[in-house]
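A.B. asks:
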Amino acid sequence: MKCERIPLGAQGAYLDTYFLADSPELKAGACRPAVVVCPGGGYAYTSDREAEPIALALCARGFHACVLRYPCAPARFPAACRTILAFLALLKKILRLP
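Pasting the structure below:
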């Protein structure tokens, strides 16, 4: 598994990636779906119990997973939405999508 923390530069936001590595046992070169986990917390915080455990469970089922830690209080709307858009642009580059 390839794990990396990528700062997104927006009020402390970052992305933790959990990408499955190519392996003959894991269908090397296979196109895998990717899932973005945005842990809840009512925009006051991002819940740890809704972050890495969820991402790892998804990886166990063959998905690439990312956990997006978006800006929370005192940040206000639309800070979290802007972070999600920045993340999607970054993910497109990481996965080399057109």
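In this note's numbering, each residue's number is its place in the sequence shown (first place is 1) plus 53.
Ideal Cβ positions, reconstructed from N, Cα and C, are used throughout, including at glycine.
The model shown is predicted, which means the values in this text are computed figures rather than measured ones.
Please decide whether P127 counts as near chain C, where near means a Cβ-Cβ distance under 8 Å.
C.D. replies: Of the protein chains in the structure, only one exists, and it is not chain C.
A.B. asks: For F72, which of helix, strand or coil comes out of DSSP?
C.D. replies: For the purposes of this step, residue 72 is taken as residue 19 along the sequence shown, with counting starting at 1. Strand.
A.B. asks: In or out: P92 buried (at least 16 other Cβ within 10 Å) or exposed?
C.D. replies: As a position in the sequence shown, residue 92 is number 39, starting the count at 1. P92 should be labelled buried.
A.B. asks: On the premise that V90 lies in contact with L121, defined as a C-beta separation below 8 Å, what is that separation, rounded to the nearest angstrom?
C.D. replies: Translated into the one-based positions of the sequence shown, residue 121 becomes position 68. Translated into the one-based positions of the sequence shown, residue 90 becomes position 37. Right, the Cβ-Cβ distance comes to about 7 Å (below 8 Å), so this counts as a contact.
A.B. asks: With DSSP run on the structure shown, which of helix, strand or coil describes L121?
C.D. replies: Translated into the one-based positions of the sequence shown, residue 121 becomes position 68. It is a strand residue.
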